[in-house]
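Protein chains in written order, with our numbering: chain E, 9 to 608; chain Z, 9 to 608. Data first, discussion second: the structure below is written as structure tokens.
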Ligand SMILES: Cc1cc2nc3c(=O)[nH]c(=O)nc-3n(C[C@H](O)[C@H](O)[C@H](O)COP(=O)(O)OP(=O)(O)OC[C@H]3O[C@@H](n4cnc5c(N)ncnc54)[C@H](O)[C@@H]3O)c2cc1C
Ligand SMILES: Cc1cc2nc3c(=O)[nH]c(=O)nc-3n(C[C@H](O)[C@H](O)[C@H](O)COP(=O)(O)OP(=O)(O)OC[C@H]3O[C@@H](n4cnc5c(N)ncnc54)[C@H](O)[C@@H]3O)c2cc1C
């Protein structure tokens, strides 16, 4: 069944439209081909990555390169690359799936993989000329060559367009001469090609270039950075000293670099989210296996409520992350297909398809990168003292997880982007927030409706809650926009609070919809624990919405306005029937214990 | 002014009694002697520890030992040791102060210091015979000898009494022969003396011994453990193989070891809390200094709301930690003095004095160890990519902080202890919880009182809130005890929720009382930011109480009981006038920025 324009939500629209569970894609919808791909990636990981954990931790950069080469042989580097350039041309969901399952073993390899296939290759497939693509992409897709992405500079991190690297046209007009210093460049130590961003003259925006790595062309590398985590990921400074780049190696047009950089990051973000999923699964599995074996007080620690609670929360967040990541991935895939059907080139379609869901990409990046951190944190805690030892896998997982909140745009930047982009979409009329925001305002003035759903129907209460959480966002963000207009961006603490609400809504809704869809196909019996996870995630989400909503309201509204909004917050975050949270957690934990692994 | 029995709260009583701000000790009450001690410790740290950070990170165990030796020369190891055994015999507050300020530079040294002066020396000063004290304590106090504490075994961590190490009386009755394996022993690599816990025959409880470190006496060490953090803290396994210990080296009586171990841990816990304070101060200082220098978007990042919010929260938690740690420390000091005045020996008085506040010790251990983790976490985030580099101090601070949630009893164990001990105290009639809990129940059935404090008086609202938060605890814990009786202990998730509430109450109340006391002496003008911190801490605390209260209520109460309690929760967590949280944070951050350091 082909998705049509009408069926699928536009980016950000999840906030104002109800999605029916049939309209979302879930990991249970993987095609046979995708299942096979998944298994093959897991098998690769189990064979090549996991057993070598100690070597990665010992900064064996060569091993990372070797594994990348092997991943190339398996075809994993080419999943997203169109067939005409030597790739498999698989869809976005498949791309995500590979990112997901290949990333569990160590953040070192995961980062190398992400930097190469994402920001190292994509700018060429997305913006390259036919010649550029013919020349470079097949090599990158096969793993004959590796790519790196040089955007960041010592003075230009979050403010990516402020770089000082220059590109000057040579006198004969045949080359650009690049000078500058790039920093934190993943894969720098073994790559054959850099995507480099540099400024031409006094251009407002930077320009992208494809630069082959040739030490005789003024390219030198700094020493390997010594880092908290992802120890075997090569990260170096790259210095360009009168590096000559043929004019035909400019990417897209002059001044288009910032756009390229940002679009590459959109893809990078959602893929990074996927890349934080399988570590959560593996950490949960390692955690439960330890907890069922380790005894204290003559009892396997997995029997203690304190530990069960951790296992349940870990599994739930992983499940929520999967639900939201694959939902968004399929939206992107469908959007690309629609655009192509409308006559867009593959390139254009892919670009616009991802850009459309930039809000979701930011949301996912933040949510899943934070979940993997807390998952690893609980993983350490389950292991007690052993969690602090380099002999067990938890501490490396914890250190590796830390980077995900920093790169591909810090979580602060992504939080602000998520709300900022939404507000812009609303202003442009791409998403109608104003109408629904006004409706909420009216609702608040009126008498509360006493219409109640039939609470005996599965998820009726939860869906009502989701609808109400959306009202909280509309109420808070709506009033903030009204008060500050475009200046809202300067009120970052409000932006952050609004973003926290937005994130929880997307994650919780995705989790519920996935579960609802699966209940319909597989039966409620088979989804008991998933139902518990959906309910638990929502319960936690509601608490976060309450807190962030309150923080926002008391900080920009006074007097009667504040009172009305507090009343609204209360009304919109109140369950008719509260779930028994302890029972939910126990249900989930018992399942994880019984299967002795993450099993959803 | 000497404290008398009547003036000071018993352990756990903070929950049911109102404390007036004059009755708490604050860091602003340090005596001249204490100030001098503080400065001398800071100076030592600045000279010996901070500049050597890189060496500590490179696992230079010898440096740790050398610094310990120097700390001995400065007298820092002898602060808590009575004068008759070569110590300074300073009070508990001074002991805390040294732990606090000596711990900022690196967790490696901090751990070595804590293990030696706390669990390595204290068991002898607290439980030793006169001969044992004469023989060992002066050497430990001067740093001629170092101590270590051998409780944990591979199979006995949280369940400390379950160790398999045995002590068998020799045929001639002159020695105990110790056999067993101890694990995770801090300072093992360079200590001269071990406090060892072992079981005699089939005793229910283990017994403590003083064991001199003599390789020819069957004592061997494992390799240094490779750890996530505190890299230069020596941590090894210790094997005892027919180790002969003279009978006169038994600590206290046979079977008294578990009690010794637990009491040593009580002191260890509150000192560990103190040991997590100065790193928070230093991280905050390093963070603000970076944030005012680092520019992105042509703006020092310290100007961004997202960063200001972090700085404010970091400072606030550090300030709250100080407030609560020194409040409890002085209670302990006073309690010891009272007991001595009543005729207890110094030893007995000290033991009972600390034991009295075991609840507070657990509370502080959990709260402050979690705060230092989030402080370091935000520290990394402020540094962006540089936070991930070993070249900047944040990543080591983050790794080092992680241990504090594991040792001296995991935070799970301490959470459960805090509530468990309180309930036991109530049962024993040492703290009257039942009366107040009944009063809350009655209040809930009655018509809400409309008596309002005069909100124009500083902290009137905040104190009302604290009183209400206490009611939440009494309501939730009271009902839980009523429902489950002594079985409550098995309902760990409830225990954890109750503990989270208890912790927030103690921390928030201490913060407000400290500030109130200082406002009275120094004037409101001079305490603007402290007032903001007290209010911000409370606001966050209320949110946590709401969440944990709700979780508890919906998980053990149904129907009308649930409704009534939810109503109570709402009533008891509602401000009459909400503070503007963003404004509070900005006030705090602006001060930290202006002083370019933690300055409270
Ligand atoms: C291991 C590693 C690998 C990397 N790989 C690559 C790579 O392959 N290619 C590449 O180009 N880059 C790479 N990076 C760089 C990475 O993308 C940047 O570190 C990141 O974008 C943050 O930039 P920064 O480090 O300059 O931090 P800054 O931008 O200086 O940020 C510091 C702090 O200020 C905050 N901040 C900044 N601006 C604002 C604002 N306007 N409002 C609110 N808060 C703000 C940030 O959120 C952060 O908390 C890598 C970094 C690391 C650590
Ligand atoms: C670096 C380092 C230094 C140390 N230094 C010393 C030292 O000098 N001397 C010494 O004797 N020990 C030392 N220890 C040991 C430390 O005290 C123990 O690691 C700690 O008490 C936890 O015990 P464990 O590691 O066996 O974890 P476990 O007890 O196995 O705990 C594993 C998990 O189960 C949980 N758990 C256990 N029991 C329960 C329960 N009843 N209910 C709910 N949850 C439970 C724990 O909270 C934890 O999450 C050190 C440890 C480390 C890592």
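C-beta: ideal position from N, C-alpha, C; glycine also.
Exposed or buried, residue 120 of chain E, counting other C-beta atoms within 10 Å across all chains shown (16 or more means buried)? Within the first chain, the letter at position 112 stands for residue 120 of chain E. Classification for residue 120 of chain E: buried.
Which residues DSSP lists as bridging residue 244 of chain Z, in chain order: Translated into positions along the second chain, residue 244 of chain Z becomes position 236. Its beta-bridge partners are Z:193.
Kindly confirm or deny that the stretch 409-426 of chain E and the stretch 278-289 of chain E touch, where touching means at least three C-beta pairs closer than 8 Å. With the cut-off at 8 Å, the stretch 409-426 of chain E and the stretch 278-289 of chain E touch.
Based on DSSP bridge pairs, tell me the residues matched to residue 254 of chain Z. On the second chain, residue 254 of chain Z is found 246 positions in, with the first residue counted as 1. In the DSSP output, where bridge partners are listed per residue, residue 254 of chain Z has Z:183.
Excluding the 5 residues preceding and the 5 following residue 477 of chain Z in the sequence, name in chain order all residues of the same chain whose CB lies nearer than 6 Å to its CB. Residue 477 of chain Z sits at position 469 when you count from the first residue of the second chain. Once the five neighbours on either side are set aside, the close Cβ partners of residue 477 of chain Z are 513, 553.
For ligand 1, I want to know if residue 284 of chain E counts as a neighbour, meaning its beta carbon is within less than 7 Å of at least one of the ligand's heavy atoms. The residue given as residue 284 of chain E occupies position 276 in the first chain. Of the heavy atoms belonging to ligand 1, none sits nearer than 7 Å to the Cβ of residue 284 of chain E.
Identify the contact partners of residue 410 of chain E in chain Z, using a Cβ-Cβ distance below 9 Å as the criterion. Translated into the one-based positions of the first chain, residue 410 of chain E becomes position 402. In chain order, 385, 388, 395, 396, 403, 406 make up the part of chain Z whose C-beta sits under 9 Å from the C-beta of residue 410 of chain E.
Suppose contacts are defined by Cβ-Cβ distances below 8 Å. Is residue 19 of chain E in contact with residue 364 of chain E by that definition? In the first chain, counting from the first residue as 1, residue 19 of chain E sits at position 11. In the first chain, counting from the first residue as 1, residue 364 of chain E sits at position 356. Going by C-beta atoms, residue 19 of chain E is nearer than 8 Å to residue 364 of chain E.
Residues of chain E with CB closer than 7 Å to the CB of residue 588 of chain Z, please, in chain order. Counting from one through the second chain, the residue named residue 588 of chain Z turns up at place 580. Per Cβ cutoff of 7 Å: 562, 563.
Compute the minimum distance between the beta carbon of residue 157 of chain Z and the heavy atoms of ligand 2, and state whether it is under 7 Å. Taking the second chain and counting its residues from 1, one reaches residue 157 of chain Z at position 149. Within the cutoff, so yes.
Taking 8 Å as the cut-off, decide whether the C-beta atoms of residue 589 of chain Z and residue 562 of chain E are in contact. For the purposes of this step, residue 589 of chain Z is taken as residue 581 along the second chain, with counting starting at 1. For the purposes of this step, residue 562 of chain E is taken as residue 554 along the first chain, with counting starting at 1. Cβ distance < 8 Å, so residue 589 of chain Z and residue 562 of chain E count as in contact.
Backbone CA spacing between residue 419 of chain Z and residue 369 of chain Z [nearest angstrom]: Residue numbering aside, residue 419 of chain Z sits at position 411 when the second chain is read from its first letter. Residue numbering aside, residue 369 of chain Z sits at position 361 when the second chain is read from its first letter. Answer to the nearest angstrom: the Cα atoms are 12 Å apart.
Closer than 8 Å at the beta carbon, the chain Z residues around residue 413 of chain E: Translated into the one-based positions of the first chain, residue 413 of chain E becomes position 405. Within chain Z, the C-beta atoms nearer than 8 Å to that of residue 413 of chain E come from 389, in chain order.
Residue 235 of chain E CB to nearest heavy atom of ligand 1 below 7 Å: On the first chain, residue 235 of chain E is found 227 positions in, with the first residue counted as 1. Yes, since a heavy atom of ligand 1 falls inside the 7 Å radius drawn around the Cβ of residue 235 of chain E.
State buried or exposed for residue 35 of chain Z, treating a residue as buried only when at least 16 other CB atoms are found within 10 Å of its CB. Counting from 1 along the second chain, the entry for residue 35 of chain Z is found at position 27. Buried is the call here.
Cutoff 8 Å: residue 233 of chain Z Cβ touching any chain E Cβ: Here residue 233 of chain Z corresponds to residue number 225 of the second chain, with the count starting at 1. It does: the Cβ of residue 233 of chain Z has a partner Cβ on chain E nearer than 8 Å.
Cβ of residue 168 of chain E within 8 Å of Cβ of residue 207 of chain E? For the purposes of this step, residue 168 of chain E is taken as residue 160 along the first chain, with counting starting at 1. For the purposes of this step, residue 207 of chain E is taken as residue 199 along the first chain, with counting starting at 1. In this structure, residue 207 of chain E does not lie closer than 8 Å to residue 168 of chain E by Cβ.
Using a Cβ-based criterion (distance less than 7 Å to any ligand heavy atom), does residue 247 of chain Z qualify as near ligand 2? Counting from one through the second chain, the residue named residue 247 of chain Z turns up at place 239. No, since every heavy atom of ligand 2 falls outside the 7 Å radius drawn around the Cβ of residue 247 of chain Z.
Whether residue 324 of chain Z touches residue 521 of chain Z by CB criterion (8 Å): Against the second chain, residue 324 of chain Z aligns to sequence position 316. Against the second chain, residue 521 of chain Z aligns to sequence position 513. No, the Cβ-Cβ distance between residue 324 of chain Z and residue 521 of chain Z is not below 8 Å.
When the Cα atoms are used, what is the spatial distance from residue 217 of chain E to residue 366 of chain E? Within the first chain, numbered from 1, the residue matching residue 217 of chain E stands at position 209. Within the first chain, numbered from 1, the residue matching residue 366 of chain E stands at position 358. Those two C-alpha atoms are separated by around 24 Å.
Go to residue 605 of chain E, then tell me how far its alpha helix (DSSP H) extends in each direction, as first and last residue. As a working mapping, residue 605 of chain E is identified with position 597 in the first chain. First-last for residue 605 of chain E: undefined, no H or E at that position.
Going by C-alpha distance, which of Z:190, Z:541, Z:123, Z:487 is nearest residue 327 of chain Z? Working through the second chain from its first residue, we reach residue 327 of chain Z at position 319. Of the listed residues, the one whose Cα sits closest to residue 327 of chain Z is Z:541.
When the cut-off is 8 Å and only beta carbons count, does residue 551 of chain E lie next to chain Z? Position 543 of the first chain, counting from 1, holds the residue named residue 551 of chain E. Judged by the 8 Å Cβ criterion, residue 551 of chain E is in contact with chain Z.
If you reduce the DSSP assignment to three classes, tell me which class residue 583 of chain E lands in. Stepping through the first chain from its first residue, residue 583 of chain E is reached at position 575. Of the three classes helix, strand and coil, the one that applies to residue 583 of chain E here is coil, per DSSP.
For the beta strand (DSSP E) that contains residue 220 of chain Z, what are its first and last residues? Sequence index remark: in the second chain, residue 220 of chain Z carries index 212 (1-based). It spans 215-220 - the beta strand (DSSP E) in which residue 220 of chain Z sits, taken as one unbroken run.
Neighbourhood of residue 433 of chain Z by C-beta distance below 6 Å, restricted to the same chain and skipping five residues each side: Locating residue 433 of chain Z in the second chain gives position 425, counting from the first residue. Excluding positions up to five away in sequence, the list reads 20, 439.
Contact list for residue 504 of chain E against chain Z, beta-carbon separation under 8 Å: Here residue 504 of chain E is taken as the residue at index 496 of the first chain, counted from 1. Think of a sphere of 8 Å around the beta carbon of residue 504 of chain E: the chain Z residues whose beta carbon falls inside it are 313, 314, 317, in chain order.
Looking at the C-beta of residue 418 of chain E, does it have a partner C-beta in chain Z at a distance below 8 Å? Looking up residue 418 of chain E in the first chain gives position 410. Using beta-carbon distances, residue 418 of chain E counts as an interface residue toward chain Z, with a partner under 8 Å.
Of the listed residues E:568, E:391, E:184, nearest to residue 585 of chain Z (C-alpha basis): Position 577 of the second chain, counted from the start, is the residue given in the question as residue 585 of chain Z. The option with the nearest alpha carbon to residue 585 of chain Z is E:568.
Check this for me: beta carbons of residue 550 of chain E and residue 581 of chain E, under 8 Å apart or not? Taking the first residue of the first chain as 1, we reach residue 550 of chain E at position 542. Taking the first residue of the first chain as 1, we reach residue 581 of chain E at position 573. Yes, these two residues count as a Cβ contact at 8 Å.
Does the beta carbon of residue 192 of chain E come closer than 8 Å to any beta carbon on chain Z? Walking along the first chain from the start, residue 192 of chain E turns up at place 184. Yes, because at least one Cβ of chain Z sits closer than 8 Å to the Cβ of residue 192 of chain E.
Using a Cβ-Cβ cut-off of 8 Å, state whether residue 236 of chain Z counts as contacting chain E. Stepping through the second chain from its first residue, residue 236 of chain Z is reached at position 228. Cβ-Cβ to chain E under 8 Å: yes for residue 236 of chain Z.
Three-state secondary structure (DSSP) of residue 292 of chain Z: Here residue 292 of chain Z refers to the residue found at position 284 when the second chain is read from its first residue. For residue 292 of chain Z, the three-state secondary structure derived from DSSP is helix.
For residue 345 of chain Z, which of Z:98, Z:61, Z:457 has the nearest alpha-carbon? Translated into positions along the second chain, residue 345 of chain Z becomes position 337. Selected option, being the one with the closest Cα: Z:98.
Contact test: residue 64 of chain Z Cβ vs ligand 2 heavy atom, cutoff 7 Å: As a working note, residue 64 of chain Z is residue 56 in the second chain. Flag unset: Cβ of residue 64 of chain Z not near ligand 2.
Buried or exposed, going by whether 16 or more other CB atoms sit within 10 Å of the CB of residue 24 of chain Z? The residue you call residue 24 of chain Z lines up with position 16 of the second chain. Buried is the call here.
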